[in-house]
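Chains as they are written, first to last, in this note's numbering: chain P, 54 to 396; chain R, 54 to 396.
Idealized CB from N, CA, C, for every residue including glycine.
Treat the numbers as computed from the prediction; the structure is a model and nothing was measured.
The block underneath contains the structure these notes are about, expressed in structure tokens.
There are 2 protein chains.
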Amino acid sequence: MRTMTIRDIARKCKVGVSTVSRAMNNHPDINPETKEMILRVIEESGYIPNKSARNLKITESDTVAILVKGIGNPFFSGMIDIIQKKAQQHSYACILQPVEPHENELDKALEMVQEKKLKGIIFLGGNFRHHQEKLKKLRVPFVVSTAGRAEDFGVPMAASVSVDDFAESYKLVDYLCRQGHKRIAMLTSADTDLSVGKLRFEGYLKALRDHGIQPDENLIFKLRGDSDHFSITSGYELTKRALTQHCDFTALFAVADTLAVGACRALHEAGIRVGRDCAVAGYDGLELGQFYCPSITTIRQPVEEIAKETADILFDMILDGKEPESRTFQGELVVRESTEPAE
Amino acid sequence: MRTMTIRDIARKCKVGVSTVSRAMNNHPDINPETKEMILRVIEESGYIPNKSARNLKITESDTVAILVKGIGNPFFSGMIDIIQKKAQQHSYACILQPVEPHENELDKALEMVQEKKLKGIIFLGGNFRHHQEKLKKLRVPFVVSTAGRAEDFGVPMAASVSVDDFAESYKLVDYLCRQGHKRIAMLTSADTDLSVGKLRFEGYLKALRDHGIQPDENLIFKLRGDSDHFSITSGYELTKRALTQHCDFTALFAVADTLAVGACRALHEAGIRVGRDCAVAGYDGLELGQFYCPSITTIRQPVEEIAKETADILFDMILDGKEPESRTFQGELVVRESTEPAE
DNA sequence: GTTTTTGTTGGAACCGTTTTCGGTAACGTT
DNA sequence: AACGTTACCGAAAACGGTTCCAACAAAAAC
Numbered sequence: 054m055r056t057m058t059i060r061d062i063a064r065k066c067k068v069g070v071s072t073v074s075r076a077m078n079n080h081p082d083i084n085p086e087t088k089e090m091i092l093r094v095i096e097e098s099g100y101i102p103n104k105s106a107r108n109l110k111i112t113e114s115d116t117v118a119i120l121v122k123g124i125g126n127p128f129f130s131g132m133i134d135i136i137q138k139k140a141q142q143h144s145y146a147c148i149l150q151p152v153e154p155h156e157n158e159l160d161k162a163l164e165m166v167q168e169k170k171l172k173g174i175i176f177l178g179g180n181f182r183h184h185q186e187k188l189k190k191l192r193v194p195f196v197v198s199t200a201g202r203a204e205d206f207g208v209p210m211a212a213s214v215s216v217d218d219f220a221e222s223y224k225l226v227d228y229l230c231r232q233g234h235k236r237i238a239m240l241t242s243a244d245t246d247l248s249v250g251k252l253r254f255e256g257y258l259k260a261l262r263d264h265g266i267q268p269d270e271n272l273i274f275k276l277r278g279d280s281d282h283f284s285i286t287s288g289y290e291l292t293k294r295a296l297t298q299h300c301d302f303t304a305l306f307a308v309a310d311t312l313a314v315g316a317c318r319a320l321h322e323a324g325i326r327v328g329r330d331c332a333v334a335g336y337d338g339l340e341l342g343q344f345y346c347p348s349i350t351t352i353r354q355p356v357e358e359i360a361k362e363t364a365d366i367l368f369d370m371i372l373d374g375k376e377p378e379s380r381t382f383q384g385e386l387v388v389r390e391s392t393e394p395a396e
Numbered sequence: 054m055r056t057m058t059i060r061d062i063a064r065k066c067k068v069g070v071s072t073v074s075r076a077m078n079n080h081p082d083i084n085p086e087t088k089e090m091i092l093r094v095i096e097e098s099g100y101i102p103n104k105s106a107r108n109l110k111i112t113e114s115d116t117v118a119i120l121v122k123g124i125g126n127p128f129f130s131g132m133i134d135i136i137q138k139k140a141q142q143h144s145y146a147c148i149l150q151p152v153e154p155h156e157n158e159l160d161k162a163l164e165m166v167q168e169k170k171l172k173g174i175i176f177l178g179g180n181f182r183h184h185q186e187k188l189k190k191l192r193v194p195f196v197v198s199t200a201g202r203a204e205d206f207g208v209p210m211a212a213s214v215s216v217d218d219f220a221e222s223y224k225l226v227d228y229l230c231r232q233g234h235k236r237i238a239m240l241t242s243a244d245t246d247l248s249v250g251k252l253r254f255e256g257y258l259k260a261l262r263d264h265g266i267q268p269d270e271n272l273i274f275k276l277r278g279d280s281d282h283f284s285i286t287s288g289y290e291l292t293k294r295a296l297t298q299h300c301d302f303t304a305l306f307a308v309a310d311t312l313a314v315g316a317c318r319a320l321h322e323a324g325i326r327v328g329r330d331c332a333v334a335g336y337d338g339l340e341l342g343q344f345y346c347p348s349i350t351t352i353r354q355p356v357e358e359i360a361k362e363t364a365d366i367l368f369d370m371i372l373d374g375k376e377p378e379s380r381t382f383q384g385e386l387v388v389r390e391s392t393e394p395a396e
């Protein structure tokens with residue numbers, strides 16, 4: 054059975070195809086009655102206009118896209134809603150496009166720009182360090198959120214919004230040191246170059262050194278590359294492993310709250326009281342850590358503000374032709390039970 | 054600057070457009086050398102074929118789609134990977150399409166079928182009860198996973214995979230009753246008709262009655278419609294509210310693990326020891342509950358099997374033209390600390 | 001040496017829209 | 001009565017691919 058086209062509708066309405074098109078895209082040059090009649094017929098016959106054909110012909114389209122590498126990451130989920138709402142306020146369409154781990158976010162972006170005629174892009178996650186050429190071909194404004202700094206990209210129309218992971222991580226570990234901890238274990242990601250984990254790790258090192266503590270290789274635990282990245286389970290297992298080589302740390306810093314939760318459970322099972330016997334801290338400020346027992350000390354990233362700013366910067370570029378303007382947000386050290394047990 | 058087309062490549066290679074097309078779609082009728090040469094030129098010039106144009110012309114395309122209403126739901130995240138892997142094994146492309154809460158998953162599906170020439174669809178979440186007409190227009194096989202039973206749809210090509218929420222919920226509450234609990238509070242969703250919560254709620258009622266317990270209105274707490282659905286925070290707040298009207302329940306059953314986590318924290322803050330003073334149980338079997346302190350009793354849904362079966366059923370229909378065959382899985386009651394404190 | 005086959009190619013039609021570019025009718029103005 | 005406006009409409013040309021078909025050369029079969 055052939056699928057219905059605009060011509061079928063035109064025939065059914067005894068009008069030209071252009072009129073039907075006008076009716077659908079509320080074009081001014083059409084008699085309101087004809088329009089209504091056409092729309093009714095369309096409704097009745099369940100005609101669905103072919104988007105490919107439309108996108109092929111169209112030259113511009115007031116839409117932006119959010120490309121998310123690692124949907125499922127609760128940190129991103131929080132941002133997405135906010136960004137979409139912003140887009141709506143500007144009456145822009147906003148399409149959410151997950152990027153699979155093995156896909157390249159830039160190739161995807163390039164495709165979508167010409168397919169969907171995007172006016173702008175927001176990247177959540179992903180890596181952009183070694184892709185200048187592709188970034189340059191992307192001729193629309195875009196902003197990279199919490200995945201690197203725009204300065205590193207070396208291309209115009211690039212803005213970034215991020216939290217200074219190095220400084221915040223430093224802040225947290227500094228706090229732990231001031232609490233008197235000398236042996237602070239670290240749970241971080243495997244590949245140091247690409248990951249968000251890198252800066253957080255460096256902040257950790259710096260803080261230790263500034264407190265006259267020599268970082269101890271034996272206290273640094275890296276995720277195996279294959280385990281799925283920042284899951285609770287991997288935090289749990291990594292900590293279990295850490296505990297087998299009794300290296301007597303008194304505090305543990307995980308680069309993500311999820312990992313910290315897993316760590317807490319592992320410690321708990323080993324009979325170590327989190328907060329009293331061993332401090333635990335995470336990073337991100339997820340709901341999760343706030344409601345855990347004990348609640349988990351963390352660096353809260355201002356998700357809402359980050360999301361808002363990300364969207365604002367993008368639309369400033371799109372609508373007002375403003376220059377890309379990057380921002381770095383402050384995180385907030387949120388001290389909770391896992392490092393300061395109630396009395 | 055005009056965007057590059059297949060004709061530009063053809064010109065640059067001094068061949069016809071059809072030859073370029075053949076090179077890209079590894080069509081057999083082409084000289085391997087020409088092909089290689091063309092591909093090299095394409096690579097060098099950074100040409101990106103226009104997907105809309107392609108989709109417009111193409112008549113079929115070995116792809117399936119997963120339409121997820123409520124991406125971010127960790128239960129779905131777990132399934133997605135597995136399904137995608139299955140698709141890959143059949144060398145089918147698999148596109149992941151989030152559906153916004155306000156969008157209708159069926160309209161989206163209809164669009165995509167004609168736009169992307171889908172061979173099949175997997176729905177995660179969503180509601181299909183009152184949409185027979187649209188389901189009928191969807192002329193490809195599809196399977197609905199954990200969002201209702203195929204029998205209710207009344208259309209061919211529809212399969213469903215689910216867990217018998219009613220029975221499992223019954224199983225859990227029955228267990229609580231056998232533990233001696235008489236006053237069991239329930240945390241459930243607002244709208245009883247559409248939601249997964251409904252069957253779980255009914256299982257709760259039935260179990261109580263079978264134990265000679267008259268369900269108490271005052272122990273049933275429903276989420277406000279506006280709060281985002283099954284978040285930890287809403288579980289927390291709902292429980293807080295429950296506690297203000299001291300209705301002295303000795304157990305609490307939440308329709309989702311996330312809610313249960315929130316509940317645990319609220320109880321904890323009220324000085325009530327979860328497990329000892331009050332039992333808490335959830336539903337889903339998320340990582341979260343397993344690692345919480347105390348770990349949370351739940352009904353574990355066999356995510357992996359469900360996902361595998363969902364994919365298998367779909368591909369059986371697509372590849373072998375099999376009849377839609379629905380399945381209902383057993384859940385598993387996982388008793389943990391929140392209902393049975395260690396000694 | 002002619003015919004058939006095989007392998008490779010290019011031309012052109014087509015997919016279903018939007019949009020340009022007139023065209024027509026109705027109306028008000030001189 | 002002739003004209004300029006205005007409001008609405010339809011035919012046809014794109015958009016950028018794929019694919020059918022005819023063409024041609026070289027190789028194989030007779």
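* Between the stretch 344-351 of chain P and the stretch 258-266 of chain P, do three or more beta carbon pairs fall short of 8 Å? -> Per the Cβ contact rule, the stretch 344-351 of chain P is not in contact with the stretch 258-266 of chain P (fewer than 3 Cβ pairs under 8 Å).
* Sequence-distant residues of the same chain with beta carbon closer than 8 Å to residue 169(R), five excluded per side -> For residue 169(R), the CB contacts under 8 Å within the same chain, skipping 5 residues up- and downstream, are 108, 114, 116, 118 and 148 in chain order.
* **Whole-number beta carbon distance between residue 120(R) and residue 161(R), since they are thought to touch under 8 Å** => Cβ-Cβ separation between residue 161(R) and residue 120(R): approximately 6 Å, consistent with a contact (criterion under 8 Å).
* **Where the stretch 145-173 of chain R meets chain P: residues whose CB sits under 7 Å from a CB there** => Correct list: 149, 151, 163, 164, 167 and 168.
* **Bounding residues of the alpha helix (DSSP H) (the contiguous stretch that carries residue 150(P))** => Counting along the chain, residue 150(P) sits inside no alpha helix (DSSP H); it lies in the beta strand (DSSP E) bounded by residues 146-152.
* Asked: According to the neighbour-count rule (16 or more other Cβ atoms, all chains shown, within 10 Å of its Cβ), is residue 311(P) buried or exposed?
  -> Burial call: buried.
* Asked: Taking three-plus beta-carbon pairs below 8 Å as touching, is the stretch 323-342 of chain P in contact with the stretch 351-358 of chain P?
  -> Between the stretch 323-342 of chain P and the stretch 351-358 of chain P, the count of C-beta pairs closer than 8 Å reaches three or more; the two stretches touch.
* **Cα-Cα separation, residue 142(P) to residue 361(P)** => Straight-line spacing of the CA atoms in residue 142(P) and residue 361(P) works out to 12 Å.
* Secondary structure, alpha helix (DSSP H): runs of 4+ residues fully inside the stretch 286-352 of chain R -> The qualifying runs are 310-322 and 340-344.
* Can you give me the start and stop residues for the beta strand (DSSP E) that residue 216(P) sits inside? => For residue 216(P), the enclosing beta strand (DSSP E) covers residues 211-216.
* Asked: Based on the DSSP output, what are the partners of residue 107(P) in its beta bridges?
  -> Answer by DSSP bridge pairing: none, since residue 107(P) is not bridged.
* Would you kindly work out how many angstroms separate the C-alpha atoms of residue 102(R) and residue 76(R), rounded to a whole number? => Within the model, the alpha-carbon separation for residue 102(R) versus residue 76(R) is close to 12 Å.
* Since residue 117(P) is in the beta strand (DSSP E), which residue starts that stretch and which ends it? -> 116-122 is the span of the beta strand (DSSP E), which, as asked, contains residue 117(P).
* DSSP on residue 254(P), reduced to helix/strand/coil? -> Residue state for residue 254(P) is assigned as helix, using DSSP reduced to three classes.
* Can you name the residues of chain R whose CB is closer than 7 Å to the CB of residue 104(P)? -> Near residue 104(P) (Cβ distances below 7 Å), the residues of chain R are 164 and 168.
* To do: Note the first and the last residue of the continuous beta strand (DSSP E) segment covering residue 83(R).
  => Where residue 83(R) is concerned, there is no enclosing beta strand (DSSP E), given that its DSSP letter is neither H nor E.
* To do: Sort 175(R), 182(R), 320(R) and 343(R) by Cα distance to residue 207(R) and report the nearest one.
  => In terms of Cα proximity to residue 207(R), the closest of 175(R), 182(R), 320(R) and 343(R) is 182(R).
* Asked: Which one of 111(P), 106(P) and 391(P) has the shortest CA to CA distance from residue 330(P)?
  -> Looking at the Cα atoms, 391(P) is the closest of the given residues.
* According to DSSP, is residue 198(P) helix, strand or coil? -> The answer is strand: DSSP assigns residue 198(P) an E or B state.
* **With 16 other Cβ atoms within 10 Å as the buried cut-off, status of residue 375(P)** => Around the beta carbon of residue 375(P), a 10 Å sphere encloses fewer than 16 other beta carbons of the protein chains shown; the residue is thus reported as exposed.
* Would you check if the distance between the CB atom of residue 235(R) and the CB atom of residue 266(R) is smaller than 8 Å? => Contact: yes.
* Could you tell me if residue 156(P) is buried or exposed, where buried requires 16 or more neighbouring beta carbons within 10 angstroms of its beta carbon? => Burial state of residue 156(P) is exposed, judged by a 10 Å Cβ sphere holding fewer than 16 other Cβ atoms.
* To do: Return helix, strand or coil for residue 57(R), following the three-state DSSP convention.
  => Correct three-state label for residue 57(R): coil.
* Determine the contact status of residue 198(R) and residue 219(R), defining contact as a CB-CB distance below 8 Å. => Between residue 198(R) and residue 219(R), the gap from beta carbon to beta carbon reaches 8 Å or more.
* Which residues, taken in chain order from the stretch 288-313 of chain P, show a beta carbon closer than 7 Å to some beta carbon of chain R? -> Cβ contacts with chain R: 289.
* If you count every other CB in all the chains shown that lies within 10 Å of the CB of residue 389(R), and 16 or more means buried, which is it? -> Counting Cβ neighbours within 10 Å, residue 389(R) comes out buried, since at least 16 surround it.
* Per DSSP, cross-strand counterpart(s) of residue 173(P) -> BP columns for residue 173(P) point to 117(P).
* Asked: Opposite residue 239(R) in the DSSP bridges: which residues?
  -> Beta-bridge partners of residue 239(R) (DSSP): 273(R) and 306(R).
* Measure how close the beta-carbons of residue 382(R) and residue 216(R) come, nearest whole angstrom, since I'm counting them as under 8 Å. => About 5 Å separates the beta carbons of residue 382(R) and residue 216(R), which is inside the 8 Å limit, making them a contact pair.
* To do: Would you kindly report the start and end of the unbroken beta strand (DSSP E) that includes residue 382(R)?
  => 380-382 is the span of the beta strand (DSSP E), which, as asked, contains residue 382(R).
* Asked: How many Å lie between residue 313(P) and residue 110(P) at the Cα?
  -> Cα to Cα, the separation comes out at about 51 Å.
* To do: Take residue 223(P) and list the residues in its own chain whose beta-carbon comes closer than 6 Å to its own, dropping the five residues that flank it on each side.
  => Excluding residues within five positions, the ones whose Cβ falls inside 6 Å are 256, 259 and 260.
* Quick one, which of 366(R), 56(R) and 291(R) has its alpha-carbon nearest residue 112(P)'s? -> Residue 112(P) has its Cα closest to that of 56(R), out of 366(R), 56(R) and 291(R).
* **Partner residues on chain R for residue 130(P), Cβ-Cβ distance less than 9 Å** => Going along chain R in sequence order, the residues near residue 130(P) (Cβ under 9 Å) are 124 and 125.
* Asked: Cβ atoms of residue 316(P) and residue 309(P): under 8 Å apart, would you say?
  -> No.
* Run through DSSP, which three-state label would residue 358(R) get? -> Residue 358(R) falls in the helix class under three-state DSSP.
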